[in-house]
Amino acid sequence: MDANSTLSEHHGRSTIEQLNTSLFTDDELETSSEENSSDYDFREPDQSAMLELDDERGLDDEEETEDEMPTNFNYSMDIDDSPLEESEDENNDVDPPGTKFDDPLTTKDCIIGHGPHPKLSRGEEIYNVEREFKIVNEKKFICSIDLLICMFQARCQTPGCDKSPEVNYHFIGPTVIVNCLCPQGHKFRFCSSHEVNGIYGNNLMAAACIMLSGNNFGKVKRMARFYGLEFLAKSTYHRFQRLYLIPEVNEWWSWMRKEILDEFAGKDIVVGGDGQCDSPGFNAKNLCYFMVENSTNYIIGIEILDKRHVGLISTNMERKAVKQGLDKLKNDNVRVVEFVTDASSSIKALLESQFEGIVHSLDVWHKSKSIKKCLTKLGKPKRMKKINDWSAHIVRHFWYCSSACRKNETTTDEEALKTMKDMWIGLLHHICNVHEWVGGKCDHDIGDHDESLPWFDRRDEDYIQLQKVILNPELLKSLQYYTRFRHTGGIECANSLSLVYTPKRMPFRYPTYRARKQLAAIDWNYHLNLPQAKTSSGDEIITRKYNPRTREWDVKVVKVEKGYEYIPILLSRILRRRQIDVESVARHVSLNDSDPALISPTIAHIPPVPTKQIVKRKSRFSKDSE
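Those letters in the sequence shown? Residues 1 to 626, by full-length UniProt numbering.
See the structure below:
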């Protein structure tokens, strides 16, 4: 029996017509989370299991619920004392076959070397900000005020005068100003910070370092209070952020983006995209959409949207972000020939209607994850144990089909699709221990088989149910999006990094949220593809890690630590921005044209009610309850 006859026989079954044909489509459905293995219908695949196959199902909604920490890679826990930077869900579905988190994120056609990338540090600008650079690189330290005052009280600072002066001091943020007056009338003033155009440089640097390090003012202020450390006022921090930090980060990102895009001038490029919301669930307020060049994993585009930009319908943010991002790349004369995303009906429709010249590919990992979920549910009953035993093998086979369907660069999309379908359907022969059939054969060597896997019998119910999954018409139709073997692992890792700068459930105003995402992109691009760390003798450093999902120990490759060599230059430019500023720090700043506050002051669907009216209403309810 060949693959085509198997498919024809399958289509002849009347029962297949009763299957939910939206299982592999973009229909936005809601599924029940209830799982009861005792309710399985062995005449048809369990509907909740089959729905798991559709990685495109309801993705416009699903992306907000799966957004907490998406990853295409295996983020495993370190057993060593090094800090745990990534978390892993023990139920995380699948890893790309043969891929580990520590593997380089760049592809085999990578055109960049190991990071860090000094060309993106603007090191040549040191001479333009020489004074500010010196202030930034000076060592700072913490001193108890009593010890400092005792030093000034010991004697007058004027040469030849040995009188003990009267000492007064006060703080302006973390800066201390000491004034001494001795009985002889000698005066002396000490300030713990350089001045930068009327404000203290250490104060501005403290505000800048909070943002550049991914911290937030509230936590650092609380730490300072516990430590007894004088610190900035909240209003001062936000003034500095609004006037100097955000504009400088915006400018730096624009410069970096232009530098990177210049490398791709006149070239056809493949771009991947993925969005991340600022909170899980359906209450997302902001969306960040990263666009990454496929061969290097450079972030070349960031789109930040507020739900006010899309009429308070957060599920529409990703579609608008994709359109804006592709339009900007087009305006920058970047030739995007292929766009890789996770599955979304709205993005598919957008590309088909407005970007016809761009090939749309889907992330193979998301599809394999859906197949894995379906097989896991289908294989829960004891009578379906073979399906569960084979599930990992079937997922790996899907990856193999996607990666091997193009024999060479001249293979057309139609030829690749036909090859992928034949390879995928051929799995039905392999699982029955048939490795050659009319019109095809397995690619593996003779006798190459995992002896722990039991063979299927075509007459058994488990084979019939698995056949319905493999031959589902909508699944076969969707294979056209996976013939180029694309996955967006780099973007997932970039999204994970960006959570350092914009933690979920930590609200930020639109300009701040945008600047922090830009900082994440700057960090990502500068440190991209770091080399493996080595000992002083030149040996590569490796360690171990435990994977809770697979319950196995793995080898972890240790990369060199990030250097952040661009930070001193960025801090210096922030100080220079203040140095050339001729206006007051307390001035009003107009909103940017893209600021959603121009659309509506809040995300509320109704105008705000006076507070007194709300209090009065609640007081009335309280009295009624008594």
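Cβ coordinates follow ideal geometry from the N, Cα and C atoms, glycine included.
#1: So, are the CB atoms of Asp363 and His487 less than 7 Å apart?
#2: Can you find the residues in the same chain that come closer than 6 Å, C-beta to C-beta, to Leu591, ignoring five residues on each side of it along the sequence?
#3: Under a Cβ-count criterion, where at least 16 other Cβ atoms within 10 Å of its own Cβ denotes burial, should Arg170 be classed as buried or exposed?
#4: So Ile358 and Val337 are in contact, right, with Cβ under 8 Å, and what is the actual spacing, rounded?
#5: DSSP three-state label for Asn179, please.
#6: Using alpha carbons as the reference points, say which of Lys612, Ser584 and Glu259 lies closest to Gly198.
#7: Let me confirm a value: Ser82 is counted as buried when at least 16 other C-beta atoms fall within 10 Å, else exposed. Which label applies?
#8: Report the three-state DSSP secondary structure of Leu245 (helix, strand or coil).
#9: Whole angstroms are fine: how far does the CA of Gly123 sit from the CA of Arg577?
#10: Check whether the stretch 562-571 touches the stretch 207-214, counting contact only when three or more Cβ pairs, one atom from each stretch, lie closer than 8 Å.
#11: Hey, could you find the ends of the alpha helix (DSSP H) Glu230 is sitting in?
#12: Excluding the 5 residues preceding and the 5 following Pro183 in the sequence, name in chain order all residues of the same chain whose CB lies nearer than 6 Å to its CB.
#13: Would you report the Cα separation of Ile300 and Gln518, rounded to the nearest angstrom?
#14: Which word fits Glu248, buried or exposed, when buried means at least 16 other C-beta atoms lie within 10 angstroms of its C-beta?
#15: Pull up the distance between the alpha-carbon of Glu35 and that of Pro381, whole angstroms please.
#16: Measure the C-alpha to C-alpha separation of Phe231 and Val136 and round it to an integer number of angstroms.
#17: Between the C-alpha atoms of Asp306 and His360, what's the straight-line distance to the nearest angstrom?
#18: For the alpha helix (DSSP H) containing Trp390, list its first residue and its last residue.
#19: Please confirm if the stretch 450-462 is in contact with the stretch 381-394, defined as three or more CB-CB distances below 8 Å between the two stretches.
#20: Return the Cβ separation of Ser279 and Arg505 in integer angstroms, given the expectation that the two are a contact with Cβ distance under 8 Å.
#21: For the alpha helix (DSSP H) containing His429, list its first residue and its last residue.
#22: Along the chain, where does the alpha helix (DSSP H) containing Gly490 start, and where does it finish?
#23: Quick check: what's the CA-CA separation for Ser193 versus Lys285?
#24: As an exercise, report each continuous alpha helix (DSSP H) stretch of at least 4 residues that is fully enclosed by the stretch 112-173, in chain order.
#25: May I have the straight-line CA-CA distance separating Ser600 from Val500, to the nearest angstrom?
#26: On the three-state DSSP scale, how would you describe His366?
#27: What are the boundary residues of the alpha helix (DSSP H) that includes Asp523?
#28: Any chance the CB of Ile347 is under 6 Å from a heavy atom of the ligand GTP?
#29: With burial defined as no fewer than 16 other Cβ atoms inside 10 Å of the residue's Cβ, what is the status of Trp390: buried or exposed?
#30: On the DSSP bridge assignment, give the partners of Arg239 in chain order.
#31: With Val322 as the anchor, note down where its beta strand (DSSP E) starts and where it stops.
#32: From this set, Gln324, Glu293 and Leu312, which residue's C-alpha is nearest residue 677's C-alpha?
#33: Quick one: Cα of His117 to Cα of Glu436, how far?
#34: Please check the pair Asp342 and Asp274, which I expect to be a contact at CB under 8 Å, by giving their CB distance rounded to whole angstroms.
#35: Okay, do the stretch 285-296 and the stretch 256-272 touch, 3+ Cβ pairs below 8 Å being the bar?
#36: DSSP three-state call for Thr543: helix, strand or coil?
Concretely, from the data shown:
#1: yes
#2: So the qualifying residues of the chain are Ala597 and Leu598.
#3: Inspection of the sequence shows that residue 170 is occupied by His rather than by Arg. Label assigned to His170: exposed.
#4: 7 Å
#5: Look at Asn179 here: in three-state DSSP terms it is strand.
#6: Ser584
#7: Residue placement at Ser82 is poorly supported in this model, since its pLDDT is 34, which falls under 50; the coordinates are not used for a value here.
#8: Note: Leu245 maps to helix in three-state DSSP.
#9: 17 Å
#10: yes
#11: Here Glu230 belongs to no alpha helix (DSSP H), and DSSP marks it neither H nor E.
#12: Lys163
#13: Distance between the alpha carbons of Ile300 and Gln518 is about 11 Å.
#14: Result: buried.
#15: At Glu35 the pLDDT is 40, less than 50, meaning the model places this residue with poor confidence and gives no usable figure here.
#16: 18 Å
#17: 26 Å
#18: Lys385 to Ala404
#19: Yes, since at least three Cβ pairs between the stretch 450-462 and the stretch 381-394 fall closer than 8 Å, the two stretches touch.
#20: 6 Å
#21: Leu427 to His430
#22: Gly489 to Tyr501
#23: 39 Å
#24: 130-137 and 145-154
#25: 29 Å
#26: helix
#27: That run of the alpha helix (DSSP H) goes Tyr510 to Tyr526.
#28: Ligands displayed in this structure: none; no statement on the ligand GTP is therefore possible.
#29: Trp390 is buried by the Cβ-count criterion.
#30: The partner list for Arg239 (beta bridge, DSSP) is empty, contrary to what the question assumes.
#31: That residue, Val322, is in no beta strand (DSSP E); its alpha helix (DSSP H) goes Met317 to Asn331.
#32: Beyond the ends of the chain as shown, which are 1 and 626, falls residue 677; an answer cannot be given.
#33: 51 Å
#34: 6 Å
#35: yes
#36: strand
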